[in-house]
Amino acid sequence: MPFPDDLLSIDDLSAEQLLQVLDVADRLKADRGERLAADSDLAHGALRGRTVALLFEKPSTRTRVSFQVAVTELGGQPLPLSSAELQLGRGETVADTGAVLSRYVHAIVVRTFAQQRLEELADGASIPVVNALTDLEHPCQAVADLQTFREAHGDFHGRALAYVGDGNNVAHSLLLAGAKVGLSVRVGHPEGHAPDAGIVTRARQLAADTGATIEVTTDPVAAVAGADAVYTDVWASMGQEAEAAERAARFVPYRVTEQLLAHAATDAVFLHCLPAHRGEEVTAEVIDGPASRVFDQAENRLHAQKALLAGLLA
Ligand code: CP
Ligand code: NVA
69 MPFPDDLLSI DDLSAEQLLQ VLDVADRLKA DRGERLAADS DLAHGALRGR
119 TVALLFEKPS TRTRVSFQVA VTELGGQPLP LSSAELQLGR GETVADTGAV
169 LSRYVHAIVV RTFAQQRLEE LADGASIPVV NALTDLEHPC QAVADLQTFR
219 EAHGDFHGRA LAYVGDGNNV AHSLLLAGAK VGLSVRVGHP EGHAPDAGIV
269 TRARQLAADT GATIEVTTDP VAAVAGADAV YTDVWASMGQ EAEAAERAAR
319 FVPYRVTEQL LAHAATDAVF LHCLPAHRGE EVTAEVIDGP ASRVFDQAEN
369 RLHAQKALLA GLLA
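Under the numbering used here, the first residue of the sequence shown carries the number 69, and numbering increases by one thereafter.
Below, the structure is given as structure tokens:
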């Protein structure tokens, strides 16, 4: 099966492609130091002579920096853009923007709000478009998360990841990605913050092929019980700032504390896409404690995205 034209959802990759991306990401991670020291064609110079536009309509630290470094180390030229400084900020359509950028650059990495806006841009574009986070999904994050999980536990089959908190973009991509590779995913969410029903249905279809299970509950302890990884995300995502106080009140029982983590497997790791808010969705003891792998996860964004770009632009 050929690599997809775009990565708008993690579901655009087949299970085989996702596992292949993870293997490439592991190799790129293992020999990064060697490649840098040798000043060689990093990662085979896969993007030599190519320019990748990085269009961000929301803030970003990890995604922005890791994509810039990934493109550079692959031999290409990153071009960071924000909608405020483009004609997009004055009402030019995303489809026209995608069409125009396609005449200059070789791929577009986009962080935006609605998934539909990303899809419209991809429809206008004739080059690969990569989802760098929408309100619906965060596929690049999920690849790095799987890489980090596998580093901790060696395999996915027979293992479970518990996501506690908002059934949001990060949870959605984890549900689909986990199901694809045979990692069971359990979501423990507050009432009114369940993951999208269509995504859960699709994850269950995928899980039927890999032997994984997909469970969704409002009980955080049930979600975490025996899990090999416990994952959380902010309570108010970008664009939800006005709801922050109301959400904070409702999400307290879903805070990842040492007590909650104690229900997981003894060798469970703690994961968080970051940015984190200590004392809100996770305590400082947990995120700064021995189970935490959050900075490995952040590092793995770089390796995972190099592997994705190399596949998309091969
Ligand atoms: N996890 C993540 O996407 O972080 P940024 O918002 O800093 O890119
Ligand atoms: N759910 C968060 C993830 C940030 C990386 C957000 O969308 O803001």
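Glycine included, every Cβ here is placed at the ideal spot set by N, Cα and C. Please read all numbers here as calculations on a predicted model, not as lab measurements.
Exercise for the section: Would you check if the region 214-224 and the region 167-187 touch, i.e. whether three or more CB-CB distances between them fall below 8 Å? Expected result: Too few Cβ pairs lie closer than 8 Å, so no.
* Should HIS206 be listed as close to the ligand NVA, given that the test is whether its C-beta is under 7 Å from any heavy atom? -> What you label residue 206 is simply residue 138 of the sequence shown in a count that begins at 1. Indeed, a heavy atom of the ligand NVA lies less than 7 Å from the Cβ.
Let me confirm a value: PHE363 is counted as buried when at least 16 other C-beta atoms fall within 10 Å, else exposed. Which label applies? The residue labelled residue 363 in the question sits at position 295 within the sequence shown. When all chains shown are included, PHE363 counts as exposed.
* Proximal residues to GLN308 (C-beta, below 8 Å), its chain only, five neighbours per side dropped -> Translated into positions along the sequence shown, residue 308 becomes position 240. Spatial neighbours of GLN308 in its own chain (CB-CB distance under 8 Å, excluding positions within 5 residues in sequence) are listed in chain order as ARG315.
Taking the continuous alpha helix (DSSP H) assigned at SER252, which residues delimit it? Taking the sequence shown and counting its residues from 1, one reaches residue 252 at position 184. Run containing SER252: none in the alpha helix (DSSP H); it sits in the beta strand (DSSP E), 252-256.
Exposure of SER194, with buried meaning 16 or more beta-carbon neighbours within 10 Å:
Walking along the sequence shown from the start, residue 194 turns up at place 126. In this structure SER194 is exposed. Its beta-carbon is surrounded by fewer than 16 other beta-carbon atoms within 10 angstroms.
TODO: Only counting runs of 3 or more residues, tell me where the beta strand (DSSP E) segments fall wholly within the region 241-288, in order along the chain.
DONE: Whole beta strand (DSSP E) segments, 3+ residues: 252-256, 282-285.
Can you have a look at GLU349 and say buried or exposed, based on whether 16 or more other CB atoms are within 10 angstroms of its CB?
Reading the sequence shown from its first residue, position 281 is the one you call residue 349. Looking at its Cβ environment, which holds 16 or more other Cβ atoms inside 10 Å, GLU349 is buried.
* **Collapsed DSSP secondary structure at GLN119 in the structure displayed** => Numbered from 1 along the sequence shown, position 51 holds the residue referred to as residue 119. Looking at the sequence itself, residue 119 is Thr, so the reference to Gln does not match. DSSP places THR119 in strand when its eight states are reduced to three.
**Report entry** Whole-Å CB distance - THR131 paired with ARG179, under 8 Å assumed
**Finding:** Taking the first residue of the sequence shown as position 1, residue 131 is located at position 63. Taking the first residue of the sequence shown as position 1, residue 179 is located at position 111. Right, their Cβ atoms sit about 6 Å apart.
ask   = Can you name, in chain order, every residue of its own chain whose Cβ lies under 8 Å from the Cβ of MET69, other than the five neighbours on each side?
value = Here residue 69 refers to the residue found at position 1 of the sequence shown. The beta carbon of MET69 lies closer than 8 Å to those of SER82, GLU84, GLN85 in the same chain, with the five residues before and after it left out.
On a CA-only basis, which of GLY250, ALA239, TRP303, ARG318 is nearest GLU259? Give me that one, please. In the sequence shown, residue 259 corresponds to position 191, counting from 1. Looking at the Cα atoms, ARG318 is the closest of the given residues.
- prompt: Residues in its own chain within less than 7 Å of ALA417 by CB, not counting five upstream and five downstream?
  reply: Only positions 69 to 382 of the chain appear in the structure, and residue 417 is not among them; the question remains open.
**Prompt:** Can we count ASN237 as close to the ligand NVA, meaning its CB is less than 7 Å from some heavy atom?
**Reply:** Locating residue 237 in the sequence shown gives position 169, where the first residue counts as 1. With a cut-off of 7 Å, the C-beta of ASN237 is classified as near the ligand NVA, since at least one heavy atom of the ligand falls inside that distance.
Self-check item: Limits of the alpha helix (DSSP H) - the one that ASN368 falls within
Solution: Position 300 of the sequence shown, counted from the first residue, corresponds to residue 368. Segment 362-380, the alpha helix (DSSP H) holding ASN368.
Review point. Are the region 144-159 and the region 196-205 touching, with three or more C-beta to C-beta distances below 8 Å?
Key: Output reads no: the region 196-205 does not touch the region 144-159.
Spatial neighbours of GLY294 in its chain, beta-carbon cut-off 8 Å, leaving aside the 5 residues before and after = What you label residue 294 is simply residue 226 of the sequence shown in a count that begins at 1. Counting only Cβ-Cβ distances below 8 Å, and skipping sequence neighbours, we find ALA228, HIS331, ALA332, ALA333.
Cβ of ALA372 within 8 Å of Cβ of VAL337?
Here residue 372 refers to the residue found at position 304 of the sequence shown. Here residue 337 refers to the residue found at position 269 of the sequence shown. Between ALA372 and VAL337, the C-beta gap is not smaller than 8 Å, which leaves the two residues out of contact.
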